[in-house]
């Protein structure tokens with residue numbers, strides 16, 4: 001790949017990620033994860049995840065055997081009742097943000113943030129590359145990737161775990 005094509009893809013990735021980082025700018029969907037609001041864009045989520053495409057476009061449980069049918073239908077109804085805020089109970093806040101980071105940019109960092117205390121890593125000098133906190137985060141992301149049908153993230157996570 002030529003340098004200009006690589007640079008263009010990198011710029012596209014960063015521009016998309018900035019949409020997520022800037023929160024409400026142009027957002028048209030809001031999630032509630034662990035009591036915190038996360039603003040996102042339906043078109044990006046639907047383009048990058050079959051789960052979100054089905055979620056936003058309606059869902060017919062007779063057309064597929066996906067186990068999360070009841071969760072989808074229930075979440076849509078609850079979202080309407082809550083004024084459009086969609087509750088996410090299947091994953092934690094940090095994992096959901098990392099999932100969205102991947103959906104927006106095609107990239108993700110599986111290193112836990114040092115400024116966030118983690119109960120399973122008390123070593124202040126730890127770089128979180130192979131400690132329990134990093135492994136737990138990777139496993140949580142792997143589970144979320146499978147749940148939300150983001151196979152590219154699942155494959156990337158599996159490669160990074162090994």
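In full-length UniProt numbering, the protein residues as written are 1 to 162. Glycine included, every Cβ here is placed at the ideal spot set by N, Cα and C.
Item to check | Identity of the residue in 88, 43 and 132 nearest residue 32 by Cα | outcome: Put simply, of 88, 43 and 132 the residue whose alpha carbon is nearest the alpha carbon of residue 32 is 88.
Checklist entry - Where do the ends of the beta strand (DSSP E) carrying residue 37 lie? => result Note, residue 37: beta strand (DSSP E), 36–40.
Item to check | Inter-stretch contact (C-beta, 8 Å, three-pair minimum) for the segment 36–48 and the segment 128–147 | outcome: No contact exists between the segment 36–48 and the segment 128–147.
Checklist entry - Nearest-angstrom Cα distance between residue 151 and residue 27? => result Between residue 151 and residue 27, the alpha-carbon positions lie close to 25 Å from each other.
Checklist entry - Exposed or buried, which one is residue 11 when buried takes at least 16 other CB atoms within 10 Å? => result Exposed is the call here.
Checklist entry - With distances taken between CB atoms, is the gap from residue 93 to residue 34 smaller than 8 Å? => result Cβ distance < 8 Å, so residue 93 and residue 34 count as in contact.
Next on the checklist: Please report the distance separating the alpha-carbon of residue 24 from that of residue 135.
Outcome noted: The alpha-carbon of residue 24 is positioned some 32 Å away from that of residue 135.
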